[in-house]
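Residue numbers (this note's numbering): 696 to 903.
Okay, structure coming up:
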């Protein structure tokens, strides 16, 4: 009898353990993925520095009570100030040669100057600001008794960067020489105007 009870109890425990093992939820081991790190970002290169150059030049001349006759000629040149000699390719920036048209009494004439060929460095704003600029208006009278009265000279200079954009402060630099007054004739045939390093007007003198 005791054997029978023990056998029944053992069988019951065995069945319970087997049932528990069969019905126990399976443990699923998750696969551990390696932690991915974002690739290092290479910062973009900085934009190139802006380089400004003198790209165009205009000169406005106010004639007083004595006109410039036809066909007397005038020559207008813009140079680096203090240039040693008349080396056009090295120091001349803009010019116009032997303009013969009449400039009437009490009138204003606007002249668009032509860029003079040479090294690109001479047109750089940084180069120009080392010394400033010089403008010469030279008169070649057709008759030795002719004279021409000047009352004012104004420059308009245009500075642009390598992308074609105007300089924020000097895109259109206007330089007015109210002191550029006097007669040009066969003897005193040149008006010389100069600026400082910041392109502010300084002197305007008549020379032989």
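Cβ coordinates follow ideal geometry from the N, Cα and C atoms, glycine included.
Inter-residue Cα distance where the pair is residue i and residue j
| i | j | result |
| --- | --- | --- |
| residue 765 | residue 861 | 37 Å |
| residue 780 | residue 875 | 23 Å |
| residue 831 | residue 810 | 15 Å |
| residue 829 | residue 866 | 19 Å |
| residue 843 | residue 762 | 5 Å |
| residue 853 | residue 859 | 11 Å |
| residue 836 | residue 794 | 11 Å |
| residue 822 | residue 868 | 16 Å |
| residue 891 | residue 824 | 8 Å |
| residue 864 | residue 789 | 21 Å |
| residue 803 | residue 851 | 14 Å |
| residue 732 | residue 741 | 26 Å |
Residue of the options minimising C-alpha distance to residue i
| i | options | result |
| --- | --- | --- |
| residue 870 | 856, 888, 857, 744 | 888 |
| residue 801 | 831, 885, 756, 818 | 756 |
| residue 847 | 863, 834, 872 | 872 |
| residue 807 | 822, 838, 750 | 750 |
| residue 900 | 893, 734, 877 | 877 |
| residue 849 | 896, 823, 759 | 896 |
| residue 839 | 738, 825, 880 | 880 |
| residue 758 | 799, 738, 739 | 799 |
| residue 902 | 882, 893, 894 | 882 |
| residue 841 | 894, 827, 803, 767 | 767 |
| residue 898 | 776, 803, 742 | 776 |
| residue 894 | 732, 737, 826, 739 | 826 |
Cutoff 8 Å; reference residue i; Cβ partners in own chain excluding five residues on either side
| i | result |
| --- | --- |
| residue 785 | 778, 813, 814, 817 |
| residue 855 | 747, 748, 750, 861, 862, 866 |
Sequence-distant residues of its chain with Cβ nearer than 7 Å to residue i (five each side left out)
| i | result |
| --- | --- |
| residue 833 | 769, 770, 884, 885 |
| residue 805 | 753, 755 |
| residue 796 | 765 |
| residue 787 | 772, 774, 811 |
Exposed unless 16 or more other CB atoms sit within 10 angstroms - verdict on residue i
| i | result |
| --- | --- |
| residue 782 | exposed |
| residue 792 | exposed |
| residue 744 | exposed |
| residue 704 | Unreliable placement is indicated for residue 704, whose pLDDT of 44 sits below 50; the coordinate value is still reported in the next sentence. Exposed, by the Cβ-count rule. |
Own chain partners of residue i with C-beta closer than 6 Å, once the 5 adjacent residues on each side are dropped
| i | result |
| --- | --- |
| residue 819 | 748 |
Which residues DSSP lists as bridging residue i, in chain order
| i | result |
| --- | --- |
| residue 834 | 769 |
| residue 798 | 763 |
| residue 859 | Per DSSP, none; premise fails for residue 859. |
| residue 890 | 896 |
| residue 812 | Its beta-bridge partners do not exist; DSSP assigns none. |
| residue 754 | 806, 850 |
| residue 878 | 844 |
| residue 793 | Answer is none; residue 793 lacks a bridge partner. |
| residue 903 | Answer is none; residue 903 lacks a bridge partner. |
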